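Only one structure is covered here, and it is reproduced in the block below.
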Amino acid sequence: MTSEDFCFTAGGERLAATRIVSRSGKAPAVVSFHGLGVTANRGRIRYLLDHLAEHGISSICFDFSGNGESSGEFASSSLRIRAAESLAAAQLLAETGPRAIIGTSMGAHLAALVSPAIRPSSLVLFCPAAYPEQAADEKFDANFVKFNNRVLGPEALRASPALQALRRFTGDLLVVAARQDQVIPAGVIDLYLESAALARTRRVIWLDGSDHFVHPWLQQHPAERAAILQAVRDTILGPPERDRRTGPA
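Numbers given in the working numbering equal positions in the sequence shown, counted from 1, plus 185.
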């Protein structure tokens with residue numbers, strides 16, 4: 186496994202990225218979208234992407250504009266800007282073969298939103314958030330709190346563009362949710378599973394004891410981490426036919 190830091194541009198911003206290449210040397214087939222927040226960055230998912238590389242899956246992770254090592258101001262960004270950046274990152278993936286998107290929180294919303302354009306064979310969503318259409322151009326300033334999923338509630342989010350896009354998804358879906366999530370209510374997780382009615386497989390794994398910051402929590406809980414790493418690997422590579430499960434688990 187090797188890793189290489191590089192940059193690409195989207196909307197006039199310079200986005201810092203890392204390419205994690207498996208020993209096979211295969212071109213990246215997986216892209217990861219991090220969550221919302223001024224401290225969010227591409228590094229939080231490396232434990233998972235390094236694991237995938239050990240199993241022959243190359244990937245890309247990057248910092249959205251205004252986050253990490255990328256240019257731009259966080260408070261000047263928006264969901265629409267980040268959707269464009271997501272599509273630009275996906276252009277760096279291998280042109281042939283199955284592709285996958287991993288998204289966390291806001292990144293999961295973006296993963297579902299752009300899935301019709303990218304047409305991934307699998308989606309892996311951690312504590313997925315959902316936002317209404319009117320949130321698309323709102324800046325990430327203090328006013329964005331009005332789109333907090335617990336403030337709005339699941340029914341207000343049913344028409345979210347991300348969930349509407351997910352209705353066309355026909356690949357494999359894995360959702361990792363946290364029992365003690367103070368940001369995303371369980372009803373939003375239900376909406377994701379309901380919206381993916383055409384998915385080839387759907388699976389949800391609930392993490393007892395985890396809050397919304399699922400990646401740091403997993404790295405402190407080895408047993409749960411091992412189970413999630415295998416589940417992600419199986420979703421992207423495909424487990425033996427006898428082990429495949431359809432529907433929520």
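For each residue, glycine too, the CB sits at the ideal point set by N, CA and C.
Just so you know, these numbers come straight off a predicted model, no measurement behind them.
- If you check the CB distance, A315 and L376 come in under 9 Å.
- Nearest in C-alpha terms to I421, of all of I245, D248 and V309, is V309.
- Looking only at G292, A274, H406 and P283, the smallest Cα-Cα distance to L264 is reached by G292.
- Here W402 is not bridged, per DSSP, to any residue.
- Around the C-beta of D326, fewer than 16 other C-beta atoms lie within 10 Å, and the residue is accordingly described as exposed.
- Here R353 really is in contact with L383; their C-beta atoms are around 7 Å apart, less than 8 Å.
- Between H406 and I230, the gap from beta carbon to beta carbon reaches 9 Å or more.
- When only Cα atoms are considered, A341 and R208 end up about 46 Å apart.
- Distance from the CA atom of A275 to the CA atom of L234, rounded to whole angstroms, is 16 Å.
- The beta carbon of V223 sits closer than 6 Å to the beta carbons of F259 from its chain, once the five residues preceding and following it are set aside; these are given in chain order.
- Counting C-beta atoms within 10 angstroms of its own C-beta, R227 has 16 or more neighbours from the protein chains shown and is therefore classed as buried.
- In the assembly as shown, V373 is a buried residue. Its beta-carbon has 16 or more other beta-carbons within 10 Å.
- Inter-residue distance for R199 and S255 is about 6 Å (C-alpha atoms, whole angstroms).
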